[in-house]
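Enquirer: Numbering (the numbering used here), first residue to last: 819 to 978. C-beta atoms are modelled at their ideal positions from N, C-alpha and C, and glycine is treated no differently. Mind looking over this structure? Questions follow.
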Ligand code: ADP
């Protein structure tokens with residue numbers, strides 16, 4: 819059976835925490851589709867196209883990954899459209915859990931056959947978020963150990 823997992827998110831930008839989650843999910847699924855959300859806020863740093871290119875480059879070592887754009891509609895509907903049996907989400911803190919549990923329940927009400935699988939963030943990435951990366955980078959901080967090298971280069975370019 820060809821098991822597909824859909825990993826949706828903003829990925830603005832992709833961090834080492836996201837990469838870790840994808841690498842681990844790739845061991846559970848035959849194919850992992852990363853669905854990149856179209857930016858809904860003006861605070862976005864990268865366009866969807868830029869994010870997709872960065873993710874494709876950074877995940878080249880995981881051949882079963884595919885990157886698509888999520889332009890609108892319910893994520894769980896997208897999961898159904900691409901044939902995914904599960905949504906993959908990362909859990910860092912209790913705060914993540916509370917938010918994610920309610921979304922998972924709502925998604926189940928829409929498509930009971932699509933499960934949500936939570937991967938607990940690896941210890942070293944527990945406190946890593948895209949928003950913190952953006953804040954630190956905006957003030958000239960060094961995020962090179964927290965994001966893939968191509969993302970680091972792109973961030974430096976943005977704030978030049
Ligand atoms: P969203 O806006 O959908 O939360 P994000 O790009 O912030 O988009 O996160 C996408 C997914 O990756 C979420 O499930 C989130 O919990 C997970 N994630 C974010 N940061 C990390 C991290 N440091 N370690 C593991 N998972 C993470």
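(1) Any idea what DSSP makes of residue 863, helix, strand or coil?
(2) With C-beta atoms as the reference, is residue 969 less than 7 Å away from residue 831?
(3) According to the Cβ coordinates, are residue 937 and residue 842 closer than 7 Å?
(4) Out of curiosity, what's the CA-to-CA distance linking residue 880 and residue 928?
(5) Residue 954 by DSSP, collapsed to three states: which one?
(6) Are residue 865 and residue 887 close, meaning C-beta to C-beta below 7 Å?
(7) With a 10 Å radius around its C-beta and 16 neighbouring C-beta atoms as the bar for buried, classify residue 821 as buried or exposed.
(8) Label residue 847 either buried or exposed according to how many other C-beta atoms from any shown protein chain fall within 10 Å of its C-beta, with 16 as the threshold for buried.
(9) Is the CB-CB distance between residue 908 and residue 930 below 7 Å?
(10) Residue 982 and residue 906: beta carbons closer than 7 Å?
(11) Between the C-alpha atoms of residue 849 and residue 924, what's the straight-line distance to the nearest angstrom?
Expert: To lay it out plainly:
(1) Coil, per DSSP.
(2) yes
(3) yes
(4) 31 Å
(5) helix
(6) No; because the gap between Cβ atoms is not below 7 Å, this pair is not in contact.
(7) exposed
(8) buried
(9) Cβ distance not < 7 Å, so residue 908 and residue 930 don't count as in contact.
(10) This structure cannot speak to residue 982, because the chain is shown only from 819 to 978.
(11) So the two alpha carbons sit approximately 24 Å from each other.
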